[in-house]
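Trainee: Take a look at the following structure, please.
Residue numbers (the numbering used here), protein chains in the order written: chain A, 13 to 230; chain B, 921 to 1075.
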């Protein structure tokens, strides 16, 4: 959980006409999410997104993911993994790599240079990066929202039915799986590991930032 | 006697297939809002709503030229309208919108033609999500600033 890291970034950039909006994708609401915001002493905008509205709007399939929006309300960079630190976690013969330093450096560059920043996507790059949802993905979204509704009504059996339907329709969306598994915490770890070990692609979408001119990577 | 009841039963079923059930209450989920409706007519997972309820469901309005939302007007097949009733799930199929239904709740996915506005214009979809105190925050509240929207989760 990168909330303290974001607090540092926010402290640096907040006086530069910049806002950081963090959104907990937590059907458990404030009781689930609040203590983490407290622990990070977060002063940025702290949302509790019970219905995963942000992930729906911007097609996020895991956490953490981020999107940049400019002063006119236009998306500058669409969905991509959003970390503040670099790390590599090895699990069996697989690994999860986070590239937070490069991401924050890019963010800083954009806050400074706006649309002149090389990290601000052109329309062509944007069109390539954002694909319309497939029919199965759209039905999975509808099913997930139905599950959230039944969960909030206390209809656990109906909720479970539609979490599972969403997970079957779009197995690549980790938000669906992990939200559902969070309601059976004693089994969540094993379920995650089982699915993770069967993955034939990376756990997070690849962060694809243009390289620093004159060098392959900073 | 039994035969007579059987005929009555099948007669009723045939009627139900042609016209949806008597009005009952129902709930529509769309764009992360739950819209309670006093009167809907259902036939299995098929849903008919009052035309006058359409704007508060999905911001479309039934007009002579079709179902309209902003500049978008979608011509409607005659079969989607029956008096004051509007065949919402039929409309969904026409615009390639997914839905999932159970227990008098119909959950609708995004409408591709509406979603397409984001893909074409790059205008970030606005949202209404509560903060920790329950105050609704909109993306548009931050117009004029650069913003990073970042998700995380406790799970």
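Think of the CB as a built atom: it goes at the ideal place given N, C-alpha and C, for glycine as much as any other residue. Quick caveat: nothing in here was measured; it's all calculated off a predicted structure.
#1: Less than 7 Å between the beta carbons of residue 998 of chain B and residue 123 of chain A, yes or no?
#2: Closer than 7 Å, CB to CB, is residue 138 of chain A near chain B or not?
#3: Taking all protein chains shown into account, do 16 or more other C-beta atoms lie within 10 angstroms of the C-beta of residue 197 of chain A, making it buried, or fewer, making it exposed?
#4: Work out the CA separation of residue 1007 of chain B and residue 963 of chain B for me, nearest whole Å.
#5: So, for residue 121 of chain A: in the same chain, excluding its five sequence neighbours on each side, which residues have a beta-carbon less than 7 Å away from its beta-carbon?
#6: Determine, using beta carbons only, whether residue 1044 of chain B comes closer than 7 Å to chain A.
#7: Is the separation between the beta-carbon of residue 177 of chain A and that of residue 146 of chain A shorter than 7 Å?
#8: At 7 Å on the CB atoms, spell out the chain A contacts of residue 1071 of chain B, in chain order.
#9: Please compile the residues from chain B whose C-beta is within a distance smaller than 8 Å of the C-beta of residue 18 of chain A.
#10: Just the Cα atoms here: how many angstroms apart are residue 213 of chain A and residue 44 of chain A?
#11: My assumption, with CB atoms under 8 Å, is that residue 115 of chain A sits in contact with residue 94 of chain A. Please give the rounded CB distance.
#12: Run down chain A in chain order and give the residues with a C-beta less than 8 Å from the C-beta of residue 1039 of chain B.
#13: Please report the distance separating the alpha-carbon of residue 23 of chain A from that of residue 174 of chain A.
#14: For the stretch 980-1006 of chain B, list every residue whose C-beta sits within 8 Å of some C-beta in chain A, in sequence order.
#15: Does the Cβ-Cβ distance between residue 158 of chain A and residue 1020 of chain B come in under 7 Å?
#16: Pick helix, strand or coil for residue 48 of chain A, following the three-state DSSP scheme.
#17: Could you have a look at residue 999 of chain B and say whether DSSP puts it in helix, strand or coil?
#18: Can you give me the C-alpha to C-alpha distance between residue 172 of chain A and residue 190 of chain A, rounded to a whole angstrom?
#19: Closer than 8 Å, Cβ to any Cβ of chain A: which residues of the stretch 1047-1071 of chain B, in chain order?
#20: Where DSSP assigns a beta bridge to residue 30 of chain A, which residues make up the other side?
#21: Assess contact between the stretch 29-43 of chain A and the stretch 61-71 of chain A, defined as three or more Cβ pairs (one per stretch) separated by less than 8 Å. Is contact present?
#22: Quick check on residue 134 of chain A - is its C-beta less than 7 Å from some C-beta in chain B?
Mentor: On the basis of the supplied data:
#1: Translated into positions along the second chain, residue 998 of chain B becomes position 78. Translated into positions along the first chain, residue 123 of chain A becomes position 111. No, these two residues do not count as a Cβ contact at 7 Å.
#2: Position 126 of the first chain, counting from 1, holds the residue named residue 138 of chain A. For residue 138 of chain A, the answer is yes, since a Cβ of chain B falls inside 7 Å of its Cβ.
#3: Sequence index remark: in the first chain, residue 197 of chain A carries index 185 (1-based). Label assigned to residue 197 of chain A: exposed.
#4: Along the second chain, one-based indexing puts residue 963 of chain B at 43. Along the second chain, one-based indexing puts residue 1007 of chain B at 87. Residue 963 of chain B and residue 1007 of chain B: Cα-Cα distance of roughly 11 Å.
#5: Taking the first chain and counting its residues from 1, the one referred to as residue 121 of chain A is at position 109. Only 129, 131 meet the Cβ criterion.
#6: In the second chain, the residue the question calls residue 1044 of chain B occupies position 124. With 7 Å as the cut-off, residue 1044 of chain B counts as an interface residue toward chain A.
#7: Residue numbering aside, residue 177 of chain A sits at position 165 when the first chain is read from its first letter. Residue numbering aside, residue 146 of chain A sits at position 134 when the first chain is read from its first letter. Contact flag unset, no.
#8: Within the second chain, the letter at position 151 stands for residue 1071 of chain B. Result: 35, 37, 66, 67, 72, 75, 76, 77.
#9: Numbered from 1 along the first chain, position 6 holds the residue referred to as residue 18 of chain A. Near residue 18 of chain A (Cβ distances below 8 Å), the residues of chain B are 1070.
#10: Counted from its first residue, the first chain places residue 213 of chain A at position 201. Counted from its first residue, the first chain places residue 44 of chain A at position 32. For residue 213 of chain A and residue 44 of chain A, the distance between alpha carbons rounds to 30 Å.
#11: As a first step, residue 115 of chain A must be located in the first chain, where it is residue number 103. As a first step, residue 94 of chain A must be located in the first chain, where it is residue number 82. So it is a contact: roughly 6 Å between Cβ atoms.
#12: To locate residue 1039 of chain B, count along the second chain from 1; it is residue 119. Result: 139, 142, 144.
#13: Within the first chain, numbered from 1, the residue matching residue 23 of chain A stands at position 11. Within the first chain, numbered from 1, the residue matching residue 174 of chain A stands at position 162. Distance between the alpha carbons of residue 23 of chain A and residue 174 of chain A is about 41 Å.
#14: none
#15: Residue numbering aside, residue 158 of chain A sits at position 146 when the first chain is read from its first letter. Residue numbering aside, residue 1020 of chain B sits at position 100 when the second chain is read from its first letter. Yes, these two residues count as a Cβ contact at 7 Å.
#16: In the first chain, the residue the question calls residue 48 of chain A occupies position 36. Three-state result, residue 48 of chain A: helix.
#17: Residue numbering aside, residue 999 of chain B sits at position 79 when the second chain is read from its first letter. Looking at residue 999 of chain B - three-state DSSP - the assignment turns out to be helix.
#18: Reading the first chain from its first residue, position 160 is the one you call residue 172 of chain A. Reading the first chain from its first residue, position 178 is the one you call residue 190 of chain A. Each residue's alpha carbon lies about 13 Å from the other.
#19: 1047, 1048, 1049, 1050, 1051, 1052, 1057, 1059, 1060, 1062, 1063, 1064, 1065, 1066, 1067, 1068, 1069, 1070, 1071
#20: For the purposes of this step, residue 30 of chain A is identified with residue 18 of the first chain, where counting begins at 1. Looking at the DSSP assignment, residue 30 of chain A forms a beta bridge with B:1066.
#21: yes
#22: For the purposes of this step, residue 134 of chain A is identified with residue 122 of the first chain, where counting begins at 1. By this cut-off, residue 134 of chain A is not an interface position.
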